[in-house]
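Numbering (my numbering), first residue to last: 1156 to 1438.
Heads up, the thing below is written out as structure tokens.
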Ligand SMILES: [Zn+2]
């Protein structure tokens, strides 16, 4: 059995409130390591609590504040391709104010392996938004998290939607020492190359199984720069699209990478797992 590493899971979210332990057990029994990623303070704290609970096992935490959590609103979570919806896709965000010291404490925990998810999201602006002000706010919070990542010496997990150019120029100003993962990457190879040149890893998830639009990207990004992820409960890979996703299904993402690259599945499993362990400082 080849092991795998789901580098971006949210088993710490309410979608798993009733069965998080069963879901994590299933993953661990299948040889899958999991990093649970926080998107606000409460879910970041819960990610650390799970990682502590599974001390000695392959469950880790990332702590951060997702850019959409900076505003108080409700919207539908859906992928780019449309007809897809989960029962629990309505996302309510809280308008959290970034508290550096509170996150610092979580970030210092030995079970915390990365700072994220943090980043820029220009996709979810709404009519009437003061877009320039909101972009500035996202950038200033992101700069704060870069400082935090450098203070604790850990890599970052970055979410970016419709904002790759701004992300690149921000990183060129304040490049985090340990780099990290550009998660759920959905840009072109040309854009991916800019992140690769700057030392970042590319995170591939179930979106890659929805169509062949990402095949070229998968072919061109070297295997030693790819990590796989689920982003569960969202983005379940085909043939589970639309269902609640979970770390076990990361196998389908790795299978897609193997098929597109034309390399054995075991190579994808081995290399992406080694990549994840290296970036998270677990090697
Ligand atoms: Zn996520």
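Glycine included, every Cβ here is placed at the ideal spot set by N, Cα and C.
Quick caveat: nothing in here was measured; it's all calculated off a predicted structure.
Own chain, CB closer than 8 Å to residue 1332, minus 5 neighbours either side, in chain order
The residue labelled residue 1332 in the question sits at position 177 within the chain shown. Cβ-Cβ distances below 8 Å link residue 1332 to 1304, 1305 and 1308 in the same chain, with the five nearest sequence neighbours on each side left out; the list follows chain order.
Below 8 Å, can you find three or more Cβ-Cβ pairs linking the segment 1209–1217 to the segment 1278–1297?
Flag = no, the segment 1209–1217 and the segment 1278–1297 do not touch.
Residue 1167 beta carbon less than 8 Å from that of residue 1202:
Position 47 of the chain shown, counted from the first residue, corresponds to residue 1202. Position 12 of the chain shown, counted from the first residue, corresponds to residue 1167. Contact flag set, yes.
Say the cut is 7 Å; is the CB of residue 1251 nearer than that to a heavy atom of ligand 1?
Counted from its first residue, the chain shown places residue 1251 at position 96. No, the Cβ of residue 1251 stays beyond 7 Å of every heavy atom of ligand 1.
Assign residue 1241 to buried or exposed, taking buried as 16 or more other Cβ atoms, counted over all protein chains shown, within 10 Å of its Cβ.
The count along the chain shown starts at 1 and reaches residue 1241 at position 86. Residue confidence for residue 1241 is low, a pLDDT of 41 falling below 50, so the modelled location carries little weight; the figure read from the coordinates is stated next. By the 10 Å Cβ count, residue 1241 comes out buried.
Distance, Cα to Cα, residue 1263 vs residue 1197?
For this step, residue 1263 is matched to residue 108 along the chain shown. For this step, residue 1197 is matched to residue 42 along the chain shown. Rounded to whole angstroms, the gap between the alpha carbons of residue 1263 and residue 1197 is 16 Å.
Residue 1317 Cβ short of 7 Å to ligand 1 heavy atom set:
Looking up residue 1317 in the chain shown gives position 162. No, since every heavy atom of ligand 1 falls outside the 7 Å radius drawn around the Cβ of residue 1317.
Helix, strand or coil for residue 1430, going by three-state DSSP, please let me know.
As a working mapping, residue 1430 is identified with position 275 in the chain shown. Correct three-state label for residue 1430: helix.
Classify residue 1370 as helix, strand or coil using the three-state DSSP reduction.
Taking the chain shown and counting its residues from 1, one reaches residue 1370 at position 215. In the structure shown, residue 1370 sits in a helix (DSSP, three-state: H, G or I).
Which partner residues does residue 1356 have in the DSSP bridge list?
By one-based count along the chain shown, residue 1356 stands at place 201. DSSP output for residue 1356 lists 1336 as bridge partner(s).
Residues bridged to residue 1275 [DSSP beta-bridge criterion]:
Residue 1275 sits at position 120 when you count from the first residue of the chain shown. DSSP, once it has assigned bridges, lists 1315 as partnering residue 1275.
Taking the CB atoms as reference points, tell me whether residue 1357 and residue 1415 lie closer together than 8 Å.
Here residue 1357 is taken as the residue at index 202 of the chain shown, counted from 1. Here residue 1415 is taken as the residue at index 260 of the chain shown, counted from 1. Between residue 1357 and residue 1415, the CB-CB gap reaches or exceeds 8 Å.
Buried or exposed, going by whether 16 or more other CB atoms sit within 10 Å of the CB of residue 1419?
For the purposes of this step, residue 1419 is taken as residue 264 along the chain shown, with counting starting at 1. Answer is exposed; the Cβ neighbour count stays below 16.
Give every residue of the same chain whose Cβ lies closer than 7 Å to the Cβ of residue 1323, excluding the five residues on either side of it in the sequence, and list them in chain order.
Here residue 1323 corresponds to residue number 168 of the chain shown, with the count starting at 1. Residues of the same chain with a CB within less than 7 Å of the CB of residue 1323, apart from the 5 flanking positions on each side, are 1349 in chain order.
Comparing C-alpha positions only, which one of 1157, 1422, 1283 and 1355 sits nearest to residue 1313?
Along the chain shown, read from residue 1 onward, the residue named residue 1313 stands at position 158. Considering only alpha carbons, the answer is 1355.
With DSSP as the reference, label residue 1414 as helix, strand or coil.
In the chain shown, the residue the question calls residue 1414 occupies position 259. Residue 1414: helix per DSSP, three-state reduction.
Taking residue 1162 as part of the alpha helix (DSSP H), name the residues at either end of that continuous run.
Position 7 of the chain shown holds residue 1162. Here residue 1162 belongs to no alpha helix (DSSP H); instead the beta strand (DSSP E) covers 1159–1164.
Between residue 1163 and ligand 1, is the CB less than 7 Å from at least one heavy atom?
Translated into positions along the chain shown, residue 1163 becomes position 8. Here the distance from the Cβ of residue 1163 to the nearest heavy atom of ligand 1 is below 7 Å.
Cβ of residue 1272 versus every heavy atom of ligand 1: is any distance shorter than 7 Å?
By one-based count along the chain shown, residue 1272 stands at place 117. Residue 1272 Cβ: within cutoff of ligand 1.
With a threshold of 7 Å on Cβ separation, who are the neighbours of residue 1280 within its own chain once the five nearest residues in sequence on each side are excluded?
Looking up residue 1280 in the chain shown gives position 125. Take residue 1280, set aside five residues on each side of it, and the residues of its chain with a beta-carbon closer than 7 Å to its own are 1286 and 1289, in chain order.
Ligand 1 and residue 1264: does any heavy atom of the ligand fall closer than 7 Å to the residue's C-beta?
The sequence position of residue 1264 within the chain shown is 109, counting from 1. Incorrect: residue 1264 has no Cβ contact closer than 7 Å to ligand 1.
Local conformation of residue 1269 per DSSP, three classes:
Indexing the chain shown from 1 puts residue 1269 at position 114. In the structure shown, residue 1269 sits in a strand (DSSP, three-state: E or B).
Between the Cα of residue 1410 and the Cα atoms of 1220, 1364 and 1320, which residue gives the shortest distance?
Position 255 of the chain shown, counting from 1, holds the residue named residue 1410. Nearest option by C-alpha distance: 1364.
Between which two residues does the alpha helix (DSSP H) containing residue 1295 stretch?
In the chain shown, the residue the question calls residue 1295 occupies position 140. It spans 1286–1307 - the alpha helix (DSSP H) in which residue 1295 sits, taken as one unbroken run.
Would you check if there are 3 or more beta carbon pairs closer than 8 Å linking the segment 1256–1274 to the segment 1172–1188?
Counting Cβ pairs under 8 Å, fewer than three are found: no touch.
Heavy atom of ligand 1 less than 7 Å from the Cβ of residue 1176, yes or no?
Walking along the chain shown from the start, residue 1176 turns up at place 21. Incorrect: residue 1176 has no Cβ contact closer than 7 Å to ligand 1.
Taking the alpha carbon of residue 1377 as the point to measure from, which residue in 1394, 1249, 1430 and 1342 has its own alpha carbon closest?
Walking along the chain shown from the start, residue 1377 turns up at place 222. Of the candidates 1394, 1249, 1430 and 1342, the one whose C-alpha sits nearest the C-alpha of residue 1377 is 1430.
Taking 7 Å as the line, does the beta carbon of residue 1370 fall inside it for any heavy atom of ligand 1?
Within the chain shown, the letter at position 215 stands for residue 1370. It does not: the Cβ of residue 1370 is nowhere closer than 7 Å to a heavy atom of ligand 1.
Exposed or buried, which one is residue 1406 when buried takes at least 16 other CB atoms within 10 Å?
Locating residue 1406 in the chain shown gives position 251, counting from the first residue. Classification of residue 1406: buried, given that the 10 Å Cβ count is 16 or more.
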